[in-house]
Every structure is written in structure tokens, then in C-alpha cells.
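**Student:**
Residue numbers (my numbering): 30 to 313.
#1: Comparing C-alpha positions only, which one of 73, 77 and 32 sits nearest to residue 55?
#2: Tell me whether residue 273 is buried or exposed, calling it buried when 16 or more other Cβ atoms sit within 10 Å of its Cβ.
#3: Kindly confirm or deny that the segment 150-168 and the segment 36-43 touch, where touching means at least three C-beta pairs closer than 8 Å.
#4: Taking all protein chains shown into account, do 16 or more other C-beta atoms lie within 10 angstroms of the C-beta of residue 183, making it buried, or fewer, making it exposed?
#5: Could you pull out every unbroken beta strand (DSSP E) segment of at least 3 residues lying fully inside the segment 142-171, listed in chain order?
#6: Tell me whether residue 82 is buried or exposed, calling it buried when 16 or more other Cβ atoms sit within 10 Å of its Cβ.
#7: So what's residue 119 in DSSP terms, helix, strand or just coil?
#8: What distance in whole Å lies between the Cβ atoms of residue 91 and residue 123, which are believed to be in contact at a cut-off of 8 Å?
#9: With a cut-off of 8 Å on the beta carbons, I'd call residue 202 and residue 176 a contact; round off their distance for me.
#10: Can you check whether the CB of residue 221 is closer than 9 Å to the CB of residue 249?
#11: From 289, 199, 46 and 280, pick the residue whose C-alpha is nearest to that of residue 162; which is it?
#12: Would DSSP call residue 59 helix, strand or coil?
#13: Can you name, in chain order, every residue of its own chain whose Cβ lies under 6 Å from the Cβ of residue 95, other than the five neighbours on each side?
#14: Between the C-alpha atoms of residue 88 and residue 199, what's the straight-line distance to the nearest angstrom?
#15: Ignoring anything shorter than 3 residues, give me the beta strand (DSSP E) runs that lie fully in the segment 188-222, in order along the chain.
#16: Suppose you measure from the CA of residue 261 to the CA of residue 229; what does that come to, to the nearest Å?
#17: Drop a sphere of 10 angstroms on the beta-carbon of residue 141, count the other beta-carbons inside from all chains shown, and report buried for 16 or more, exposed for fewer.
#18: To which residues does DSSP link residue 175 through a beta bridge?
#19: Within 10 angstroms of its Cβ, does residue 205 collect 16 or more other Cβ (buried), or is it exposed?
#20: Using 10 angstroms around the beta-carbon of residue 207, count the other beta-carbons present and answer buried if the total reaches 16, otherwise exposed.
#21: Kindly indicate the opening and closing residues of the alpha helix (DSSP H) around residue 282.
Rendered as C-alpha cells:
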């Protein structure tokens with residue numbers, strides 16, 4: 030039996046626990062969260078089989094530790110667990126950015142453990158243990174970013190586990206990962222949040238919101254996401270996200286300058302439609 034310990038029992042940590050427990054693999058899944066009520070809820074829902082009072086106790090006998098906290102909390106967790114990890118333990122995480130996290134792992138974790146970063150490309154604008162579900166990660170790309178020198182066996186173990194929960198493991202360098210997610214994950218959230226703030230701060234918002242319908246709802250769905258999580262994402266991937274925002278601002282300015290150009294507009298919208306359709310075809 031492999032002892033797995035999940036540190037942080039929110040949406041992703043909770044969903045991972047449910048998914049792991051649903052596999053036929055011989056696993057014992059335990060967990061810790063800074064909120065005792067969350068641990069109790071995780072036990073009640075069957076996310077974990079055992080809850081721990083301290084993060085040190087949670088990792089002391091674990092063969093696999095997955096840190097599922099907001100990004101900026103990962104560094105402190107690494108510091109706290111480092112003295113209690115057993116040699117050969119595999120440590121991973123589910124953080125949305127990877128360059129900083131890999132640096133923290135190299136600096137803070139003992140060389141006797143194997144660190145392989147992770148990031149499942151799945152989630153929801155909802156958050157918390159109450160929203161966790163076993164199928165959340167099924168079919169999702171699960172990025173794996175091993176620290177240089179990490180044993181191949183550790184990477185193989187995580188690939189096996191991600192496949193067992195129905196995800197699709199993808200080996201990727203940390204810097205490449207952060208550049209890609211800045212464009213296809215972080216930028217969409219920021220545009221959604223910016224749209225809400227732009228419209229909601231207008232003097233006419235009280236009247237306008239009466240006719241805001243499904244289009245506004247769908248485009249702004251991501252703005253309901255966890256503010257702390259997205260704050261941490263921006264702080265740990267600022268350069269890449271900033272570049273994407275500046276590129277988007279340039280495109281919006283160009284679009285604003287061509288709003289009286291029928292040929293430009295139709296070509297622009299047709300290209301966007303075709304690109305999205307091609308992406309959807311590739312996803313199936």
C-alpha cells in the first residue's frame with residue numbers, strides 16, 4: 030500500500046483525493062488542511078481516509094505528498110514539511126505556475142526526496158471542498174515538471190497515477206508551461222474580471238444589468254474564481270501575464286480603430302470563429 034498525503038483540501042486537492050480513492054490502486058489517502066472544518070468535511074465526503082492535526086504528521090509516513098494550496102502558500106509548506114519527509118518520498122504540487130515553485134523545491138526540500146511539479150489543466154470558478162468531485166480531472170491534461178535530476182521512477186509513478194484517475198500526463202519544462210498558461214489560462218481570467226469591473230463601475234450599471242444576459246454571464250464566468258488563487262498566479266507569473274496583457278491591449282486598440290471597416294471586421298470575426306472551431310475539433 031502506498032501512503033498518499035494531500036496538503037490542502039480545496040477544490041483540486043479534494044477532487045484529487047476522490048479520484049485517487051476511486052482507482053483500483055492500493056492507496057491510503059490522508060490529508061491536512063489549515064481549516065479543521067475542511068478536514069472534517071473531507072472525511073465525511075470520503076475524500077481522505079485519515080485527517081491529520083499538523084502538516085508534519087501528515088507527511089511523516091507518506092510516500093507521496095501532493096501540495097494543493099494556493100501558489101504563494103507552497104513555499105511555506107515546503108519549509109514546514111522538509112524536516113519530516115522520509116528519504117525517497119515523492120513530493121508534487123498542483124500549482125498553476127511552475128518556475129517559482131521549482132526554485133522553492135530545489136532550495137527547500139531535502140535532496141533525499143524526489144520532486145516532480147504538477148498542474149492539472151482542469152478546475153472551476155467554484156472553490157472549496159464542497160465543490161470537489163472525482164471526475165473533475167478526468168480527460169484533463171496533467172502537466173508534469175520534474176526537477177532536474179529527479180529519478181525517472183518518480184516521474185513514472187506520477188504518470189501512472191495521473192493516468193489511473195483518467196487524466197493525460199504531459200511532460201513540460203516549467204518556463205514553457207508558465208508561458209503557455211499565461212495565454213490560455215491566466216489571460217482569460219483577467220479579461221473576464223476586467224470586463225466585469227469595466228461594466229460594473231459604469232454609472233449606468235444599475236440599469237444595464239437588467240438586460241445583461243447569457244452572453245455576459247458566459248464571458249464573465251471566470252471572474253467568480255477564487256481571488257487569492259488568482260492573486261498568487263499573477264504574482265508568480267507577472268512577466269508572462271504582462272506580455273499577454275500588453276499584446277491583447279494592442280489587439281483591442283487595433284480593433285477599436287477598425288470599427289467602421291466592414292471588410293476588416295468580417296475577416297477578424299471569421300478568423301476567430303475558424304480558430305476556435307479548429308481548437309474544439311482537436312480537443313475531441
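Virtual Cβ for every residue (Gly too), placed ideally from N, Cα, C.
**Tutor:** Concretely, from the data shown:
#1: 32
#2: buried
#3: yes
#4: A residue is called buried once 16 or more other Cβ atoms fall within 10 Å of its Cβ, and residue 183 is buried on that count.
#5: 143-149
#6: exposed
#7: strand
#8: Rounded, the Cβ-Cβ distance is 16 Å, inconsistent with contact.
#9: Not quite, the Cβ-Cβ distance comes to about 11 Å (not below 8 Å), so this is no contact.
#10: yes
#11: 46
#12: DSSP places residue 59 in strand when its eight states are reduced to three.
#13: Short of 6 Å from the beta carbon of residue 95, and not among the five residues preceding or following it, lie these beta carbons of its own chain, in chain order: 35 and 121.
#14: Rounded to the nearest angstrom, the two C-alpha atoms are 26 Å apart.
#15: 197-200
#16: Roughly 24 Å separates the two Cα atoms.
#17: exposed
#18: Paired residue(s): 145.
#19: exposed
#20: By the neighbour-count criterion, in which 16 or more other beta carbons inside 10 Å mark a residue as buried, residue 207 falls on the buried side.
#21: 267-286
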